[in-house]
Amino acid sequence: MKPPRFDYLAPSSLDEALGILNRHGDRAKVLAGGQSLVPLLNFRLARPAYLVDLNEIAGLDGIEMDGGDLVIGAMARQRAVETSALVRAQCPLLAEAMPLIGHVQIRNRGTFGGSVAHADPASELPAVIAALDGNLVVKSVGGQRVLKPDAFFVSYFATALAPVELLRSVRLPALPPRTGTAFLEMSRRHGDFALVGVAATLTVDDAGVCTRCALALTGVGPTPVVPREAAAVMLGVTPTADAIAEVGRRVSAMVRPESDLHASSDYRTHLAGVLTERALARCAERIHGASPDHGRP
13 MKPPRFDYLA PSSLDEALGI LNRHGDRAKV LAGGQSLVPL LNFRLARPAY LVDLNEIAGL
73 DGIEMDGGDL VIGAMARQRA VETSALVRAQ CPLLAEAMPL IGHVQIRNRG TFGGSVAHAD
133 PASELPAVIA ALDGNLVVKS VGGQRVLKPD AFFVSYFATA LAPVELLRSV RLPALPPRTG
193 TAFLEMSRRH GDFALVGVAA TLTVDDAGVC TRCALALTGV GPTPVVPREA AAVMLGVTPT
253 ADAIAEVGRR VSAMVRPESD LHASSDYRTH LAGVLTERAL ARCAERIHGA SPDHGRP
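Its first residue numbered 13, the sequence shown is counted upward by one per residue in this note's numbering.
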């Protein structure tokens, strides 16, 4: 296997990269970590005339706080995000999801923004961003726009990015006090894509009554599935086992996953409800100080 012929371009600045994309449009492909693109090239499922390597551009790999948001540059290596003390302190949901992405060799090279822009329906990062209602910052020669997850993720392996645009960064807002988070997934083997994954956050007030609940599921639709009506069951009540079980039942009732050679639709539907219950129960435990255990069910 070897890729088709293409012209290799290595811009040294973001403006130069955007200019190249503006000139060549959908004839160009962006190379970030290459963990998804290179196999596509080798199988000739992608046939760009120009390959635009972003690895020589400084300043796209930041991990920092800005105005209360955790801001992660698109070229931040997944391993850097995984091991970041700032991420662990400011966004434990993301910290819990990161070790579940492939294997450490993949994360050493793969980039945060590359995974997000690839938009694999089984990927962990889109679900995390959706559960946190993050903002995706997109740039082009014409300017900048900021998209919410439901606008950015369009379908299987498809986003709202135009051929002349780049994902610049992702902004994840801080969660309020008395919030527990959890990311759980089930896969055939560690490192495989998840059959189903659930990102969950749960916030309570001083009396222990839920004031905020957010869920996002991966592996059960073409984009992250955000069951807002099911999550709303938790609002105004204490997070009891009965309330959490009702959310799980409603999630199972509303998802419509497809069958494939790895799992049937019925199995994924059942698993979505089970993992939702477990994730919310773990959120409730963590509000009271239980420590994370890396996303294993």
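Idealized CB from N, CA, C, for every residue including glycine.
Start and end residues, beta strand (DSSP E) containing residue i
{"i": "N147", "result": "147 to 152"}
{"i": "L21", "result": "19 to 21"}
{"i": "R7", "result": "Missing from the structure shown is residue 7; the chain here goes from 13 to 309 and no further."}
{"i": "V208", "result": "208 to 216"}
Cβ-based burial, residue i [other Cβ within 10 Å; buried from 16]
{"i": "R308", "result": "Confidence at R308 is low in this model, with a pLDDT of 43, below 50, so its placement is unreliable and the value that follows should be read with caution. Under this definition R308 is an exposed residue."}
{"i": "K151", "result": "buried"}
{"i": "L205", "result": "One point to set straight first is that residue 205 is Phe, not Leu, in the sequence displayed. By the neighbour-count rule (16 or more Cβ atoms within 10 Å), F205 is buried."}
{"i": "P251", "result": "buried"}
{"i": "L236", "result": "The displayed chain sequence assigns Pro, not Leu, to residue 236. Burial call: buried."}
{"i": "E68", "result": "exposed"}
{"i": "Q90", "result": "buried"}
{"i": "A296", "result": "buried"}
{"i": "R280", "result": "buried"}
{"i": "F55", "result": "exposed"}
{"i": "S271", "result": "exposed"}
{"i": "G154", "result": "exposed"}
Residues bridged to residue i [DSSP beta-bridge criterion]
{"i": "L137", "result": "Paired residue(s): none; L137 is not in a bridge."}
{"i": "L33", "result": "Answer is none; L33 lacks a bridge partner."}
{"i": "K41", "result": "L63"}
{"i": "D81", "result": "D78, P185"}
Where the alpha helix (DSSP H) through residue i begins and ends
{"i": "G260", "result": "253 to 266"}
{"i": "E76", "result": "First-last for E76: 75 to 78, but that is the beta strand (DSSP E), not the alpha helix (DSSP H)."}
{"i": "A293", "result": "277 to 299"}
{"i": "R316", "result": "Lying outside 13 to 309, the shown extent of the chain, residue 316 is not represented and no answer is given."}
{"i": "V50", "result": "49 to 54"}
TODO: Identify every run of the alpha helix (DSSP H) within the stretch 142 to 197, keeping only runs that are complete inside it and at least 4 residues long; order them along the chain.
DONE: 161 to 164
- [ ] At 4 residues or longer, and completely inside the stretch 88 to 136: list those alpha helix (DSSP H) runs for me, N to C.
- [x] 90 to 95, 97 to 102, 104 to 109, 116 to 121, 124 to 130
Task: At least 3 beta-carbon pairs within less than 8 Å: the stretch 53 to 66 vs the stretch 74 to 81 - done: no
- [ ] Could you say if the stretch 127 to 142 and the stretch 191 to 211 meet the contact criterion of at least three C-beta pairs nearer than 8 Å?
- [x] yes
Task: Given 8 Å, three or more beta-carbon pairs between the stretch 147 to 165 and the stretch 108 to 120 - done: Two segments are said to touch when three or more pairs of C-beta atoms, one from each, lie closer than 8 Å; by this definition the stretch 147 to 165 does not touch the stretch 108 to 120.
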